[in-house]
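Note sheet for the following structure.
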Amino acid sequence: MAMVGRIRTRMWRRHMNTEQDILTMAQWFSPSFPVGAFAYSHGLETAIQSGAIVTASDLQCWLSDVLIHGSGRNDCILLRAAYASTSDTERALIHETALAVAASAERLLETQLQGAAFCDTTAKVWDMDGQHLCYPVAVGAAAAQMQFDVDLVAMLYLHSFAGNLVSAAVRAVPLGQTDGQSVLAALTPLCDQIAGASRLASLDDLNSTAFLSDIAAMKHETLQPRIFRS
Amino acid sequence: MGRTRLRTLRQSGSLKLVFPKRHTQDVEAVLVNTAGGITGGDRFSLDVDIRTGAALTITTQAAERVYRAQPGEVGHVTTRVSVADGASLNWLPQELILFDRCALRRRLEIELAATARLLMVEPVVFGRATMPEILRDVMFQDRIRITRGGRPLYIDGMDLQGDAATHLARPAIADGAGAMASIVVVRPDAERQLKPVRAMLPQTAGATTLADDILVIRQLAPDSFALRRNMIPILELLSNGTLPTSWRL
């Protein structure tokens, strides 16, 4: 008689998102998920104070570059790499890569603290291992554990990143709520495109030409007065 | 710690190294591209090992021009430097000048041991301002990877594809700047340099510390002359006044 050495009780689902999966993703990326996203402006506050962002169209132009040519795309690459990773060692390397590609001290803080908060919450609610990782890496690893569709997760991640920065600008410029929502609606197709385009990217593709966005993040460290942590 | 000496040198093709006499403990190596520039299909590679306790400064004889490439041809420049414990590298090449229709993939890998020190600058000029050279159709892929003890420490990259002039004119990209430089310092006192460096920076530049021992500066300027004028005092400070003569205006 054949012996069964070990029985795996976990049932692996295919990458088909049930309605509940989609709602869980919506929960992760909702502004009420306690990662503290509202506290970070990703350097936007510097650009607003210097007069580089005055109107809704300035904001849209700035954010589309951050998404396509800067952190948005890079975070997508890191998220996908973490999703595809198969060991703790590999995830640790992706986490260190995420730290090494951060453009400034406050960008480091932004990705580390949001990542830690995400890990703490998902550990308690969904029984994940809770090891602290940078935000996109943490999201990618958690999404893999839940067997979520990575394309959808990457797209939602970008959309929440954009939504958070729009909301920061609505408060800091200030802009009207409707203007803010119009900017986010205009950025929505980009989230889909960038998530799709990063499908074949590897960690070696990490790069940024959003130079002034990165410089704005550096200069935020000495900006006075300021309301955001980055 | 004694004088640094050359152990092995092998060179071929149009990439040469010359060693000017210096009255200091460290060695200066000047890279000379006898072909006078880079074009599509060229392959340059440089491999350097700096042994325990040694100190090496590497610079270039002149700014490096990346000329128009033939369709389908891409130039490759690959540099790998390993820096052992107690050793130091000053990686101080002069500007890389991109011409319209250039095609180049460049890669710089610096592997630091736990107690290795580094000062790195990489200036890039987006077309000659005096011509003016407008970058309407380029392919430039740049990768900088610094590791320490085999772990990622600093990762930077730049992809320019197609109409770089229009791209660089955008407010979150370069707001029309014609030149850019990144400076990275890895050494125990890096954090202490942050304040004096910040005081020397123009509006279009920023400085930060990614850790107590990692200082990063990013600077944009209207053209290569303005970039150089702003960077020289900073590099003088960070190199303790040992900036190679090729760097002085």
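Order-wise, the sequence lines are chains A and B.
Per this note's numbering, the very first residue in the first sequence carries number 1; after that it's consecutive.
Per this note's numbering, the very first residue in the second sequence carries number 1001; after that it's consecutive.
In this text, a Cβ means the ideal position worked out from N, Cα and C, and glycines have one as well.
Requested in this report: For the stretch 141–176 of chain A, list the alpha helix (DSSP H) runs that are entirely contained and at least 4 residues long, ordered along the chain.
Outcome: 150–172
Query raised in the report: Using a Cβ-Cβ distance under 7 Å, would A:Asp-65 count as near chain B?
Result: yes
Query raised in the report: Listing by chain order, which chain A residues have their CB less than 8 Å from the CB of B:Arg-1143?
Result: Asp-204, Asn-207
Query - Proximal chain B residues relative to A:Ile-77, where beta-carbon distance stays under 9 Å - result: By Cβ distance, chain B contributes nothing, its closest Cβ being about 11 Å from A:Ile-77, past 9 Å.
Query - 6 Å Cβ shell around B:Leu-1046 - same chain, five flanking residues per side excluded - result: Thr-1079
Query - Paired residues, beta bridge with B:Gly-1157 - DSSP - result: B:Arg-1143
Query raised in the report: Cβ of A:Leu-175 within 7 Å of Cβ of A:Ala-56?
Result: yes
Requested in this report: Grab the span of the alpha helix (DSSP H) containing B:Ala-1035 for me, first residue to last.
Outcome: That residue, B:Ala-1035, is in no alpha helix (DSSP H); it is neither H nor E in DSSP.
Query raised in the report: Which residues of chain B have a Cβ atom closer than 9 Å to the Cβ of A:Cys-257, listed in chain order?
Result: This structure gives no information on residue 257 of chain A, because the portion of chain A shown stretches from 1 to 230.
Requested in this report: Run down chain A in chain order and give the residues with a C-beta less than 9 Å from the C-beta of B:Ala-1221.
Outcome: Result: empty, since nearest Cβ-Cβ is about 11 Å, beyond 9 Å.
Query - When B:Phe-1019, B:Val-1066, B:Gly-1013, B:Val-1074 are compared against B:Lys-1040, the one with the closest alpha-carbon - result: Lys is not the amino acid found at residue 1040 of chain B; the sequence shown has Gly there. Considering only alpha carbons, the answer is B:Val-1074.
Report task. Please confirm whether B:Met-1200 and B:Pro-1222 have their CB atoms less than 7 Å apart. Result -> no
Query raised in the report: Which parts of the stretch 1185–1240 of chain B are runs of the alpha helix (DSSP H), unbroken and 4 residues or longer, counting only runs that do not cross its ends?
Result: 1190–1200, 1224–1238
Query raised in the report: B:Asp-1047 bridges to which residues according to DSSP?
Result: B:Arg-1080
Report task. Report the neighbours of A:Val-101 on chain B: residues whose CB is nearer than 7 Å to its CB, in chain order. Result -> Ile-1155
Query raised in the report: For A:Asn-74, does the three-state DSSP call read helix, strand or coil?
Result: helix
Query - Beta-carbon gap between B:Thr-1060 and B:Gln-1094 smaller than 7 Å - result: yes
**Report entry** Exposure label - B:Pro-1188; buried when at least 16 CB within 10 Å
**Finding:** exposed
Requested in this report: Within the same chain, show all residues whose beta-carbon is closer than 6 Å to that of A:Ala-172, passing over the 5 residues directly before and after it, in chain order.
Outcome: Glu-45, Ile-48
Report task. In angstroms with no decimal places, state the Cα-to-Cα distance between B:Val-1216 and B:Pro-1071. Result -> 36 Å
Report task. Following the continuous alpha helix (DSSP H) through A:Phe-211, name the residue where it begins and the one where it ends. Result -> 211–219
Report task. Verify whether the separation of the beta carbon atoms of A:Ala-216 and A:Val-66 is less than 7 Å. Result -> no
**Report entry** Counterpart residues of B:Lys-1016 in DSSP-defined beta bridges
**Finding:** B:Val-1032
**Report entry** DSSP state of B:Phe-1126 mapped onto helix, strand, coil
**Finding:** strand
Query raised in the report: Is A:Thr-222 helix, strand or coil by DSSP?
Result: helix
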